[in-house]
Every structure is written in structure tokens, then in C-alpha cells.
Amino acid sequence: MQGKNILLGITGGIAAYKSADIASRLRKKGALLKTIMTENACKLIQPKLIEAVSAGAVYTSMWDSKENIITHLDPVNSSDLILVAPATANIIGKMASGICDDLLSSALCAGWERNLFIAPAMNNNMWSNPATQRNIKLLKDAGVRTIGPQSGHLACGTSNIGRMSEPEEIVEELCRFFGEDE
10 MQGKNILLGI TGGIAAYKSA DIASRLRKKG ALLKTIMTEN ACKLIQPKLI
60 EAVSAGAVYT SMWDSKENII THLDPVNSSD LILVAPATAN IIGKMASGIC
110 DDLLSSALCA GWERNLFIAP AMNNNMWSNP ATQRNIKLLK DAGVRTIGPQ
160 SGHLACGTSN IGRMSEPEEI VEELCRFFGE DE
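What the sequence shown shows, in my numbering, is residues 10 to 191, in sequence order.
Listed below in C-alpha cells is the structure:
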């Protein structure tokens with residue numbers, strides 16, 4: 010992962026707290042990170058935390074003015090890989106439909122030809138919803154790779170499918186993609 014440019018998208022799923030661990034692990038592997046956080050992600054974890062563990066820029070709005078560039082395109086254009094973790098049913102639906110109503114969904118639409126990975130995380134009823142499954146199929150058919158979800162304890166108190174894969178498993182999968190051993 011040394012020197013690989015990775016764009017991390019963080020959404021407002023409860024598993025957003027795991028994204029800090031993912032960012033830290035990627036940084037330790039030598040990856041260069043930029044992060045886009047949705048408004049709801051910022052309600053769950055602070056952008057400053059992600060900035061500290063990733064040592065990279067964190068974007069939270071289309072109107073950020075980092076490095077005096079067109080914000081929604083720069084993180085995409087410089088990325089070797091895009092990872093959305095957690096990928097909620099909401100962002101999965103936006104990706105499948107081409108909806109661009111915030112910075113992350115706009116970046117994902119612009120970066121659809123990049124190496125795109127999602128780590129789904131949601132309640133089992135949301136995961137098994139026919140619309141979600143249709144959207145996952147559309148994304149997979151377009152070349153998006155999924156990591157998980159897994160079965161396990163969910164935030165709603167049940168144990169079922171929908172849990173985001175663990176950070177170490179996500180990073181291992183990205184290492185395999187780049188042809189590196191964990």
C-alpha cells in the first residue's frame with residue numbers, strides 16, 4: 010500500500026466509528042489518504058479525529074476550499090482506490106441511481122471508473138430489502154467490489170447479517186487487491 014492514494018468515504022452509519030481504525034491501519038501500511046465525510050458521518054465522529062489518524066485532508070462539504078481546487082473532483086482524480094466504509098443503504102442507493110446531492114455522492118459518481126470498494130453496514134431488514142439488493146447487484150455489475158457485510162451483533166440489538174466487516178479484514182482485502190500480503 011506504500012504510496013497508494015486512497016479516498017475514504019465515511020457515511021452516517023453507526024459503524025462510522027470503525028472508519029478511524031481503517032484510516033489508521035491504511036496509514037500504517039503507507040497509504041496516502043484523503044477522506045470525504047457526509048454530514049451525518051460528522052454527527053457520529055469528528056473530522057479532526059479522522060484527520061489526525063489519517064494524516065490526510067478531510068472534506069465535509071462541496072464548498073470546502075482546500076488547496077484552491079474544485080473540491081469534489083480532486084480527491085477522486087488523485088485516487089488509486091476509493092473505499093466507502095460504512096456504506097449505508099442510503100449511499101448505496103445514491104451510487105446505483107447516480108444521485109449527486111452531497112460531496113461524497115458527487116465524488117462517487119465522478120469516480121465510477123476508479124477501483125471502487127464498499128463495506129456495507131446496515132440493519133438486516135435494510136440489507137435484505139429488495140431495493141437494496143437490486144442496488145447492490147447494479148453496483149457489482151458496474152464493477153464495484155463489496156467487502157461484507159457479515160453476520161453478527163447489530164446496533165439494533167439483534168444478531169444477523171448487516172454488520173460491517175472488521176477494519177483489519179477490510180484492509181486485508183485492499184492489500185490483496187494491490188497484490189500485497191497483509
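We put the CB at the ideal spot given by N, CA and C, even for glycine.
query = Does the distance from the C-beta atom of Asn133 to that of Asn99 stay below 9 Å?
reply = Mapped onto the sequence shown, residue 133 falls at position 124. Mapped onto the sequence shown, residue 99 falls at position 90. No. Outside cutoff.
- request: Check Met46 in the structure and name its three-state DSSP category.
  value: On the sequence shown, residue 46 is found 37 positions in, with the first residue counted as 1. Strand, per DSSP.
> So, helix, strand or coil for Phe186, using DSSP?
Replying inline: Here residue 186 refers to the residue found at position 177 of the sequence shown. Annotated three-state conformation of Phe186 is helix, per DSSP.
Could you check where the beta strand (DSSP E) with Val93 kicks off and where it finishes?
Along the sequence shown, read from residue 1 onward, the residue named residue 93 stands at position 84. Note, Val93: beta strand (DSSP E), Leu90 to Ala96.
Are the CB atoms of Met104 and Ser88 nearer to each other than 9 Å? On the sequence shown, residue 104 is found 95 positions in, with the first residue counted as 1. On the sequence shown, residue 88 is found 79 positions in, with the first residue counted as 1. No, they are not a contact pair.
- Close beta carbons around Arg7, own chain, < 6 Å, minus the five adjacent residues each side: The structure shown has nothing for residue 7, since the chain only spans 10 to 191.
### Exposure of Lys52, with buried meaning 16 or more beta-carbon neighbours within 10 Å
Translated into the one-based positions of the sequence shown, residue 52 becomes position 43. The residue in question, Lys52, is exposed, as its Cβ has fewer than 16 Cβ neighbours within 10 Å.
Self-check item: Nearest-angstrom Cα separation, counted from Lys43 out to Ala61
Solution: Taking the first residue of the sequence shown as position 1, residue 61 is located at position 52. Taking the first residue of the sequence shown as position 1, residue 43 is located at position 34. Spanning the two alpha carbons is a distance of roughly 12 Å.
> Would DSSP call Ile15 helix, strand or coil?
Replying inline: If you number the sequence shown from 1, residue 15 lands on position 6. In the structure shown, Ile15 sits in a strand (DSSP, three-state: E or B).
Inset, instruction - Please name the residue or residues paired with Ala68 in a DSSP beta bridge. - result: Taking the sequence shown and counting its residues from 1, the one referred to as residue 68 is at position 59. Inspection of the sequence shows that residue 68 is occupied by Tyr rather than by Ala. According to DSSP, Tyr68 bridges with Ile45.
Closest residue to Gly171 among Trp136, Val85 and Ile145 (Cα-Cα distance):
Locating residue 171 in the sequence shown gives position 162, counting from the first residue. Comparing Cα-Cα distances from Gly171 to each of Trp136, Val85 and Ile145, the minimum goes to Trp136.
>> Considering only their Cβ atoms, is the gap separating Ala40 from Gly12 smaller than 9 Å?
In response: Counted from its first residue, the sequence shown places residue 12 at position 3. Counted from its first residue, the sequence shown places residue 40 at position 31. Yes, the Cβ-Cβ distance between Gly12 and Ala40 is below 9 Å.
Item to complete: Can you tell me the Cβ-Cβ gap for Ser70 and Leu117, rounded? I've got them flagged as a contact below 8 Å.
Response: Walking along the sequence shown from the start, residue 70 turns up at place 61. Walking along the sequence shown from the start, residue 117 turns up at place 108. The Cβ separation is near 16 Å, so there is no contact.
Next item on the list: Over the uninterrupted alpha helix (DSSP H) stretch that includes Gln142, give me the two end residues.
Entry: Numbered from 1 along the sequence shown, position 133 holds the residue referred to as residue 142. Here the alpha helix (DSSP H) through Gln142 covers Pro139 to Asp150.
For Leu58 and Ala140, what's the separation of their Cα atoms in angstroms?
For the purposes of this step, residue 58 is taken as the residue at position 49 of the sequence shown. For the purposes of this step, residue 140 is taken as the residue at position 131 of the sequence shown. Straight-line Cα distance between these residues: approximately 34 Å.
_Residue interval of the beta strand (DSSP E) (run including Arg172)_ = Numbered from its first residue, the sequence shown carries residue 172 at position 163. Residues Ser168 to Arg172.
What's the C-alpha gap between Pro84 and Leu16? Within the sequence shown, residue 84 is the residue found at index 75, counting from 1. Within the sequence shown, residue 16 is the residue found at index 7, counting from 1. Cα-Cα distance, rounded: 6 Å.
Under the three-state DSSP convention, the category Arg154 falls into: Position 145 of the sequence shown, counting from 1, holds the residue named residue 154. In the structure shown, Arg154 sits in a strand (DSSP, three-state: E or B).
Worksheet item: Apart from the five residues just before and just after Asn14, which ones in its own chain have a Cβ nearer than 6 Å to its Cβ?
Response: Taking the first residue of the sequence shown as position 1, residue 14 is located at position 5. The answer, listed in chain order, is Leu41, Ser87, Ser88 and Asp89.
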